[in-house]
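Residue numbers (UniProt numbering): 1 to 248. Virtual Cβ for every residue (Gly too), placed ideally from N, Cα, C. These figures come from a predicted structure and were not determined experimentally.
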């Protein structure tokens with residue numbers, strides 16, 4: 001709340017001692033200057049695109065992989081699942097140089113693809129969906145197969161509709177992580193027209209003396225979509241945590 005209030009303060013009000021907690025009025029100079037002196041609209045659009053691709057890819061790929069590990073029997077299933085989960089323990093800093101070299105050879109460094117490709121799937125997403133699918137009654141799928149449905153049709157027509165709470169939870173987690181990602185885009189992207197919001201705001205602050213009203217305005221713009229997304233998916237998020245036995 002204080003971030004929102006500060007974004008409507010003047011520079012003199014922000015720097016006043018003792019500090020003021022309420023603005024004297026709704027001063028929008030911070031927003032106007034931010035829009036005029038930065039590519040905030042472009043950064044916002046880039047972030048929306050990256051996050052949309054990340055969420056969509058996660059929902060498709062992680063649900064397919066999670067269902068495969070939960071229901072399909074194939075050689076090496078346990079070992080493959082443990083290998084995927086083990087990648088969670090690898091620090092992202094350790095992967096930056098090899099990932100950058102791989103992306104450079106693929107020709108996608110300094111493009112938006114460099115920002116969203118690492119978010120196409122994740123070990124956490126696969127684990128979350130697998131745990132949810134393990135809790136579903138197998139009899140529902142067996143009944144669908146008796147009616148002539150194949151594995152893929154059973155997954156799409158029977159399993160996925162039941163997995164809406166888990167999918168909503170995965171979408172929220174992916175949106176939060178991809179939207180707030182700073183470190184990797186900061187390394188992989190140097191063209192300011194391709195910055196995401198987090199990288200753009202960091203560079204905007206670094207190229208000027210800190211204008212707190214503008215910085216708070218940018219943070220408000222970057223934060224509000226996440227708050228709205230969480231409020232929309234809150235009920236499904238709680239339902240998934242209860243269903244899978246995960247405790248926050």
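Three-way DSSP call (helix, strand, coil) for residue i in this model
i, result
"residue 106", "helix"
"residue 57", "helix"
"residue 169", "helix"
"residue 62", "helix"
"residue 22", "coil"
"residue 76", "coil"
"residue 196", "coil"
"residue 28", "coil"
"residue 161", "helix"
"residue 121", "coil"
"residue 151", "helix"
"residue 17", "coil"
"residue 46", "helix"
"residue 111", "coil"
"residue 40", "helix"
"residue 189", "coil"
"residue 135", "coil"
"residue 91", "coil"
Distance between residue j and residue i (C-alpha atoms, nearest Å)
i, j, result
"residue 196", "residue 111", "11 Å"
"residue 135", "residue 107", "42 Å"
"residue 38", "residue 103", "28 Å"
"residue 63", "residue 29", "45 Å"
"residue 114", "residue 34", "26 Å"
"residue 143", "residue 176", "37 Å"
"residue 249", "residue 150", "Because residue 249 is not part of the residues shown, which for the chain are 1 to 248, the question remains open."
"residue 185", "residue 148", "47 Å"
"residue 179", "residue 66", "24 Å"
"residue 285", "residue 100", "Given a span of 1 to 248 for the chain in the structure shown, any question on residue 285 remains unanswerable."
"residue 7", "residue 54", "30 Å"
"residue 168", "residue 25", "39 Å"
Environment of residue i [buried if 16+ CB atoms lie within 10 Å]
i, result
"residue 50", "buried"
"residue 188", "buried"
"residue 133", "buried"
"residue 157", "exposed"
"residue 93", "exposed"
"residue 200", "buried"
"residue 193", "exposed"
"residue 97", "exposed"
"residue 22", "exposed"
"residue 138", "exposed"
"residue 74", "exposed"
"residue 248", "Here the model assigns residue 248 a pLDDT of 41, short of 50, so the residue's position is not dependable, and the following value carries that caveat. By the 10 Å Cβ count, residue 248 comes out exposed."
"residue 191", "exposed"
"residue 78", "exposed"
"residue 166", "buried"
Nearest-angstrom Cβ-Cβ length linking residue i and residue j, presumed shorter than 8 Å
i, j, result
"residue 227", "residue 40", "Actually they do not touch by this definition, with Cβ atoms about 18 Å apart."
"residue 84", "residue 123", "5 Å"
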